[in-house]
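Student:
Residue numbers (full-length UniProt numbering): 1 to 223.
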(Lines of atoms letter the chains of each structure in order from A and count residues from 1; the text may use other names and numbers.)
(Lines give C-alpha, C1' and ligand atoms only; values in the text may rest on other atoms or scores of the structure.)
Protein backbone atom coordinates (compact mmCIF):
# COMPACT_ATOMS: atom_id res chain seq x y z
CA UNK A 1 0.00 0.00 0.00
CA UNK A 2 1.44 3.36 -1.02
CA UNK A 3 0.57 5.62 1.92
CA UNK A 4 2.90 7.13 4.50
CA UNK A 5 0.64 5.93 7.35
CA UNK A 6 0.43 2.31 6.23
CA UNK A 7 3.16 -0.20 7.08
CA UNK A 8 4.70 -1.23 3.74
CA UNK A 9 5.15 -4.86 2.75
CA UNK A 10 8.70 -5.03 1.36
CA UNK A 11 8.97 -8.73 0.55
CA UNK A 12 7.76 -12.17 1.56
CA UNK A 13 8.95 -15.74 1.45
CA UNK A 14 7.43 -19.05 2.39
CA UNK A 15 8.56 -22.40 3.69
CA UNK A 16 6.67 -25.67 3.82
CA UNK A 17 4.69 -24.57 6.89
CA UNK A 18 5.03 -20.81 7.21
CA UNK A 19 4.66 -17.54 5.33
CA UNK A 20 7.09 -14.79 6.34
CA UNK A 21 6.40 -11.11 5.68
CA UNK A 22 9.13 -8.48 5.50
CA UNK A 23 7.80 -5.00 6.27
CA UNK A 24 9.11 -1.54 6.98
CA UNK A 25 10.93 -1.33 10.30
CA UNK A 26 8.79 0.43 12.90
CA UNK A 27 10.89 1.19 15.98
CA UNK A 28 8.54 3.48 17.87
CA UNK A 29 6.30 0.87 19.46
CA UNK A 30 2.52 0.66 19.66
CA UNK A 31 0.09 3.52 20.19
CA UNK A 32 -1.39 1.41 23.00
CA UNK A 33 1.84 1.59 24.99
CA UNK A 34 2.11 5.35 24.56
CA UNK A 35 -1.46 5.86 25.76
CA UNK A 36 -0.70 3.72 28.82
CA UNK A 37 2.43 5.77 29.56
CA UNK A 38 0.79 9.15 29.05
CA UNK A 39 -2.59 8.37 30.62
CA UNK A 40 -4.26 10.36 27.84
CA UNK A 41 -3.33 12.68 24.98
CA UNK A 42 -3.73 16.41 24.56
CA UNK A 43 -6.79 16.87 22.36
CA UNK A 44 -4.81 18.52 19.56
CA UNK A 45 -2.29 15.65 19.53
CA UNK A 46 -5.09 13.07 19.55
CA UNK A 47 -6.70 14.86 16.60
CA UNK A 48 -3.42 14.75 14.67
CA UNK A 49 -3.11 11.00 15.23
CA UNK A 50 -6.71 10.35 14.23
CA UNK A 51 -6.35 12.54 11.13
CA UNK A 52 -3.28 10.56 10.01
CA UNK A 53 -5.03 7.25 10.65
CA UNK A 54 -8.22 8.40 8.92
CA UNK A 55 -6.21 9.46 5.89
CA UNK A 56 -4.76 5.94 5.68
CA UNK A 57 -8.19 4.36 6.23
CA UNK A 58 -9.65 6.53 3.44
CA UNK A 59 -6.85 5.29 1.18
CA UNK A 60 -7.61 1.66 2.08
CA UNK A 61 -11.35 2.13 1.56
CA UNK A 62 -10.75 3.83 -1.80
CA UNK A 63 -8.93 0.66 -2.81
CA UNK A 64 -11.75 -1.58 -1.56
CA UNK A 65 -9.92 -2.77 1.56
CA UNK A 66 -11.57 -3.06 4.98
CA UNK A 67 -9.05 -3.48 7.82
CA UNK A 68 -11.51 -4.94 10.40
CA UNK A 69 -9.10 -4.91 13.35
CA UNK A 70 -8.13 -1.31 13.96
CA UNK A 71 -6.95 -0.82 17.55
CA UNK A 72 -4.04 0.94 19.28
CA UNK A 73 -2.02 -2.30 19.33
CA UNK A 74 -2.13 -2.35 15.50
CA UNK A 75 -1.01 1.27 15.12
CA UNK A 76 2.78 1.51 15.19
CA UNK A 77 5.11 4.51 15.32
CA UNK A 78 7.87 4.59 12.73
CA UNK A 79 10.42 5.97 15.23
CA UNK A 80 10.49 6.67 19.00
CA UNK A 81 10.09 10.45 18.45
CA UNK A 82 6.87 12.08 19.66
CA UNK A 83 6.07 13.34 16.16
CA UNK A 84 6.81 10.07 14.36
CA UNK A 85 4.51 8.81 11.61
CA UNK A 86 1.77 6.50 12.87
CA UNK A 87 1.40 3.36 10.73
CA UNK A 88 -1.54 0.99 10.30
CA UNK A 89 -0.26 -2.57 10.61
CA UNK A 90 -1.55 -6.16 10.90
CA UNK A 91 -3.77 -6.78 7.90
CA UNK A 92 -4.45 -10.39 8.91
CA UNK A 93 -8.22 -9.85 9.14
CA UNK A 94 -8.49 -7.44 6.22
CA UNK A 95 -10.68 -8.15 3.22
CA UNK A 96 -10.83 -6.74 -0.30
CA UNK A 97 -14.36 -6.13 -1.48
CA UNK A 98 -16.21 -4.43 -4.31
CA UNK A 99 -18.74 -1.73 -3.45
CA UNK A 100 -21.64 -4.01 -4.36
CA UNK A 101 -20.37 -6.59 -1.86
CA UNK A 102 -20.78 -4.14 1.03
CA UNK A 103 -22.78 -6.41 3.33
CA UNK A 104 -21.36 -9.82 2.44
CA UNK A 105 -18.83 -10.07 5.29
CA UNK A 106 -20.46 -11.91 8.18
CA UNK A 107 -17.58 -13.56 10.03
CA UNK A 108 -17.18 -12.43 13.63
CA UNK A 109 -13.68 -10.98 13.75
CA UNK A 110 -11.59 -8.34 15.44
CA UNK A 111 -10.99 -7.37 19.05
CA UNK A 112 -14.28 -7.24 21.03
CA UNK A 113 -13.88 -3.79 22.57
CA UNK A 114 -13.34 -2.25 19.12
CA UNK A 115 -15.89 -4.32 17.18
CA UNK A 116 -18.94 -2.60 15.66
CA UNK A 117 -22.48 -3.77 16.53
CA UNK A 118 -23.09 -5.26 13.08
CA UNK A 119 -20.18 -7.66 13.54
CA UNK A 120 -21.80 -9.11 16.66
CA UNK A 121 -25.18 -9.24 14.91
CA UNK A 122 -23.67 -11.06 11.89
CA UNK A 123 -25.95 -9.05 9.61
CA UNK A 124 -23.09 -8.23 7.26
CA UNK A 125 -20.47 -5.53 7.56
CA UNK A 126 -18.05 -3.46 5.56
CA UNK A 127 -16.10 -0.20 5.66
CA UNK A 128 -18.13 1.40 8.51
CA UNK A 129 -16.61 -1.07 11.01
CA UNK A 130 -13.30 0.77 10.63
CA UNK A 131 -15.00 4.09 11.43
CA UNK A 132 -16.56 2.60 14.58
CA UNK A 133 -13.12 1.37 15.69
CA UNK A 134 -11.68 4.85 15.14
CA UNK A 135 -14.40 6.24 17.41
CA UNK A 136 -13.30 3.85 20.15
CA UNK A 137 -9.64 4.74 19.59
CA UNK A 138 -10.44 8.47 19.75
CA UNK A 139 -12.30 8.00 23.03
CA UNK A 140 -9.34 6.02 24.42
CA UNK A 141 -6.85 8.69 23.35
CA UNK A 142 -8.81 11.48 25.01
CA UNK A 143 -9.41 9.91 28.42
CA UNK A 144 -7.17 6.85 28.80
CA UNK A 145 -9.87 4.16 28.98
CA UNK A 146 -12.19 2.53 26.44
CA UNK A 147 -15.92 3.31 26.21
CA UNK A 148 -17.33 -0.21 26.44
CA UNK A 149 -15.09 -1.77 29.09
CA UNK A 150 -17.30 -3.89 31.34
CA UNK A 151 -16.93 -6.67 33.94
CA UNK A 152 -17.72 -9.45 31.45
CA UNK A 153 -17.55 -10.07 27.71
CA UNK A 154 -21.35 -10.38 27.59
CA UNK A 155 -21.84 -7.00 29.28
CA UNK A 156 -19.31 -5.47 26.92
CA UNK A 157 -21.15 -6.86 23.89
CA UNK A 158 -24.50 -5.57 25.19
CA UNK A 159 -23.02 -2.11 25.71
CA UNK A 160 -21.65 -2.10 22.16
CA UNK A 161 -24.95 -3.26 20.64
CA UNK A 162 -26.71 -0.28 22.28
CA UNK A 163 -23.77 2.15 22.02
CA UNK A 164 -24.02 2.52 25.80
CA UNK A 165 -21.24 4.83 26.93
CA UNK A 166 -20.83 8.32 28.35
CA UNK A 167 -18.17 10.93 28.93
CA UNK A 168 -17.60 10.27 32.62
CA UNK A 169 -16.08 10.57 35.17
CA UNK A 170 -16.25 14.28 34.40
CA UNK A 171 -12.72 14.95 35.68
CA UNK A 172 -11.35 12.74 32.89
CA UNK A 173 -13.18 14.83 30.31
CA UNK A 174 -12.74 18.34 31.64
CA UNK A 175 -11.73 20.67 28.87
CA UNK A 176 -12.42 18.16 26.07
CA UNK A 177 -14.22 20.09 23.35
CA UNK A 178 -17.74 19.43 22.11
CA UNK A 179 -16.24 18.92 18.65
CA UNK A 180 -14.19 16.00 19.98
CA UNK A 181 -17.20 14.46 21.71
CA UNK A 182 -19.35 14.96 18.61
CA UNK A 183 -16.73 13.18 16.50
CA UNK A 184 -16.83 10.20 18.88
CA UNK A 185 -20.65 10.14 18.82
CA UNK A 186 -20.79 10.17 15.03
CA UNK A 187 -18.28 7.33 14.73
CA UNK A 188 -20.06 5.30 17.44
CA UNK A 189 -23.43 5.35 15.67
CA UNK A 190 -25.17 1.96 15.88
CA UNK A 191 -26.68 2.28 12.40
CA UNK A 192 -23.70 1.67 10.11
CA UNK A 193 -25.35 3.52 7.22
CA UNK A 194 -25.39 6.72 9.31
CA UNK A 195 -21.71 6.69 10.23
CA UNK A 196 -19.50 9.08 8.29
CA UNK A 197 -17.25 7.70 5.60
CA UNK A 198 -13.52 8.10 6.13
CA UNK A 199 -13.49 11.09 3.77
CA UNK A 200 -16.44 12.69 5.57
CA UNK A 201 -14.81 12.10 8.96
CA UNK A 202 -11.70 13.92 7.72
CA UNK A 203 -13.85 17.03 7.24
CA UNK A 204 -15.16 17.00 10.82
CA UNK A 205 -14.17 20.04 12.88
CA UNK A 206 -12.32 17.90 15.46
CA UNK A 207 -10.00 16.49 12.79
CA UNK A 208 -9.85 19.35 10.30
CA UNK A 209 -9.32 21.83 13.13
CA UNK A 210 -6.06 20.11 14.10
CA UNK A 211 -4.54 21.45 10.89
CA UNK A 212 -4.83 25.01 12.16
CA UNK A 213 -2.12 24.47 14.77
CA UNK A 214 -4.07 25.87 17.70
CA UNK A 215 -2.91 25.73 21.30
CA UNK A 216 -2.78 22.40 23.04
CA UNK A 217 -5.67 21.67 25.37
CA UNK A 218 -3.99 20.42 28.52
CA UNK A 219 -7.13 20.15 30.61
CA UNK A 220 -8.02 16.62 29.61
CA UNK A 221 -5.03 14.94 31.22
CA UNK A 222 -5.82 12.39 33.87
CA UNK A 223 -5.85 13.84 37.39
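Every residue gets a Cβ at the ideal spot worked out from N, C-alpha and C, and that includes glycine. These numbers come from a predicted model, not from an experiment.
Nearest by alpha-carbon distance to residue 133: which of 124, 55 and 116 is it?
Tutor: With distances taken between Cα atoms, residue 133 lies closest to 116.
Student: Taking the alpha-carbon positions, what's the residue 184 to residue 204 distance?
Tutor: One C-alpha to the other measures close to 11 Å.
Student: Sort 155, 143, 157 and 164 by Cα distance to residue 37 and report the nearest one.
Tutor: That would be 143, whose Cα lies nearest to the Cα of residue 37.
Student: Taking 8 Å as the limit between beta carbons, can you name the residues of its chain near residue 165, skipping five residues before and five after?
Tutor: Same-chain partners within the cutoff: 139, 147, 148, 159 and 188.
Student: Sorted by chain position, which residues of the same chain lie with C-beta nearer than 8 Å to residue 118's C-beta, five sequence neighbours on each side aside?
Tutor: Excluding sequence neighbours, residue 118 sits near 124, 125, 128, 129 and 192.
Student: Going by the beta-carbon positions, is the gap between residue 83 and residue 30 smaller than 9 Å?
Tutor: Not closer than 9 Å, so no.
Student: Measure the alpha-carbon distance for residue 131 versus residue 13 and round it to whole angstroms.
Tutor: Rounded to whole angstroms, residue 131 to residue 13 spans 33 Å at the Cα level.
Student: When you compare each of 4, 85, 145 and 173 to residue 114 by their alpha carbons, which one comes out closest?
Tutor: Per the Cα distances, 145.
Student: Measuring straight from C-alpha to C-alpha, what distance separates residue 18 and residue 76?
Tutor: Cα to Cα, the separation comes out at about 24 Å.
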